[in-house]
Amino acid sequence: MAEIVFDKVAKDFGGGPVVRDVSLTIPEGEFCVFVGPSGCGKSTLLRMVAGLESITAGEIRIGGKRANDIPPAKRGAALVFQTYALFPHMTIAENLGFGLKIRGAAKAERDAKVLGVAKDLELDGLLERRPRELSGGQRQRVAIGRAMLRDPQVFLFDEPLSNLDAALRVHTRLRIAKLHQDTGRSMIYVTHDQVEAMTLADRIVLLNTGERTAREGSLAQIGTPLELYHHPRSLFVAGFIGAPR
Ligand code: ADP
Ligand code: MG
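Last residue of the sequence shown: number 245 in full-length UniProt numbering, and the count goes up by one each step with no gaps.
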């Protein structure tokens with residue numbers, strides 16, 4: 001398991017900074033939720049941890065190692081996307097087993113592990129289907145199962161519930177909470193939804209936004225859900241998550 005450290009991290013795609021001066025330590029095993037309005041840099045932060053974006057300045061360390069020195073596939077970070085990102089031409093079993101296959105696991109071992117996770121996620125009746133034959137909730141469970149089979153140090157979730165209807169959102173949210181309980185792994189979970197943040201987080205990291213102000217993409221406040229709720233440090237925090245006054 002691994003502590004994740006953001007050390008003065010910044011990101012600029014060329015049009016000005018979208019993440020600035022983010023310093024933060026996520027202890028091993030923490031469920032940390034990044035929350036904030038659309039465009040504040042949540043996905044960019046997550047993608048930098050996963051290695052899908054370069055880091056413009058500062059560094060990210062995973063388990064004490066500079067992320068830049070570790071190829072994305074070896075970072076021990078599994079990212080679950082809002083859009084599931086399944087392989088359309090592969091069956092559910094093949095989608096689930098893909099990571100094990102490229103790591104060279106034998107077929108018997110792969111099949112056993114895939115079946116175990118599929119049962120756990122109530123997908124075992126769907127293994128021979130293709131993604132397009134599944135509902136949104138089922139596809140998202142496949143994406144979660146695929147991440148589980150990588151046995152990562154860190155799970156990264158980017159708005160995993162936003163394409164699901166209300167009932168499925170609750171179900172999937174509980175499933176993710178159970179995954180954290182069962183594995184004890186660090187989680188970084190990105191959302192723009194206050195309820196998800198309040199119910200899932202050990203700690204919430206609220207990012208600033210604002211039409212290209214100097215604070216955009218920086219941290220507004222870090223704390224437990226109750227700290228942010230009862231002691232918001234600014235009107236912005238209070239408006240986003242705090243108790244009405
Ligand atoms: P969030 O996930 O919080 O909604 P993002 O991290 O996706 O925000 O984006 C933060 C900012 O960076 C936005 O202004 C967005 O337009 C910009 N951005 C994101 N990805 C790129 C990219 N590949 N190229 C240029 N700008 C980008
Ligand atoms: Mg995003």
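All C-beta atoms, glycine included, are put in the ideal place defined by N, C-alpha and C. Owing to the predicted nature of the structure, the values given are computational and were not obtained by experimental measurement.
With respect to the beta strand (DSSP E) encompassing residue i, which residues constitute its N-terminal and C-terminal limits?
i      : result
PHE34  : 31-35
ALA10  : 4-12
TYR189 : 186-191
GLU59  : 57-62
PRO225 : PRO225 -> not in any beta strand (DSSP E); alpha helix (DSSP H) instead, spanning 225-230.
LEU206 : 203-207
ARG20  : 17-26
PHE81  : Counting along the chain, PHE81 falls outside any beta strand (DSSP E), and DSSP gives it neither H nor E.
LEU156 : 154-158
Could you check how far apart the C-beta atoms of residue i and residue j are, in whole angstroms? I think they sit under 8 angstroms.
i      : j     : result
LEU219 : LEU24 : 7 angstroms
ASP7   : GLY58 : 5 angstroms
ALA143 : VAL80 : 5 angstroms
Near residue i, which residues of its chain fall below 6 angstroms by C-beta distance, leaving aside the five closest residues on each side in sequence?
i      : result
MET198 : PRO225
PRO152 : GLY76, ALA77, ALA78
ALA238 : PRO232
Work out the CA separation of residue j and residue i for me, nearest whole Å.
i           : j      : result
ALA2        : SER54  : 21 angstroms
SER234      : ARG132 : 45 angstroms
ARG20       : PRO72  : 22 angstroms
GLY137      : SER162 : 11 angstroms
ILE26       : VAL5   : 6 angstroms
GLU30       : GLN181 : 10 angstroms
residue 247 : ARG150 : There is simply no residue 247 to check, as the chain begins at 1 and stops at 245 in what is shown.
LEU126      : GLN82  : 21 angstroms
LEU228      : HIS192 : 15 angstroms
GLU109      : ALA201 : 34 angstroms
ARG139      : MET187 : 20 angstroms
ALA93       : ALA147 : 13 angstroms
residue 289 : ARG47  : In the structure displayed, the chain extends from 1 to 245; residue 289 sits before or after that span and is not available.
ARG129      : THR91  : 5 angstroms
VAL9        : VAL22  : 5 angstroms
GLY223      : CYS32  : 10 angstroms
ALA118      : GLY145 : 7 angstroms
LEU164      : VAL18  : 28 angstroms
GLN221      : VAL154 : 23 angstroms
GLY217      : THR56  : 13 angstroms
LEU134      : PRO88  : 11 angstroms
ARG175      : ASN68  : 32 angstroms
LYS107      : ARG203 : 40 angstroms
Ends of the alpha helix (DSSP H) at residue i?
i           : result
SER43       : 42-50
SER181      : Checking the sequence shown, residue 181 turns out to be Gln, not Ser. Start and end: 166-183.
ARG141      : 136-149
residue 247 : The structure shown has nothing for residue 247, since the chain only spans 1 to 245.
GLY239      : 235-240
ALA112      : 107-120
ALA197      : 194-200
Quick check on residue i: buried or exposed, where buried means 16 or more other Cβ atoms within 10 Å of its Cβ?
i      : result
ILE102 : exposed
PRO66  : The displayed chain sequence assigns Arg, not Pro, to residue 66. ARG66 is exposed by the Cβ-count criterion.
GLY16  : exposed
VAL49  : buried
GLU159 : buried
SER38  : exposed
LEU52  : exposed
PHE157 : buried
ALA112 : exposed
PHE240 : buried
GLY242 : buried
Keeping to the same chain, check which residues put their C-beta closer than 7 angstroms to that of residue i; ignore five residues upstream and five downstream.
i           : result
GLY167      : Here residue 167 turns out to be Ala, not Gly, going by the sequence shown. None.
LYS42       : PHE34, GLY36, VAL190, LEU207
LEU100      : ARG110, LYS113, LEU149
GLU28       : MET1, ALA2, GLU3, SER186
ALA177      : LEU200
residue 285 : The question about residue 285 has no answer here: the residues shown for the chain are numbered 1 through 245.
Can you give me the Cβ contacts of residue i inside the same chain, cut-off strictly under 8 angstroms, excluding the 5 residues immediately before and after it?
i      : result
GLU122 : ARG141
ARG173 : LEU161, GLU196, THR199, LEU200
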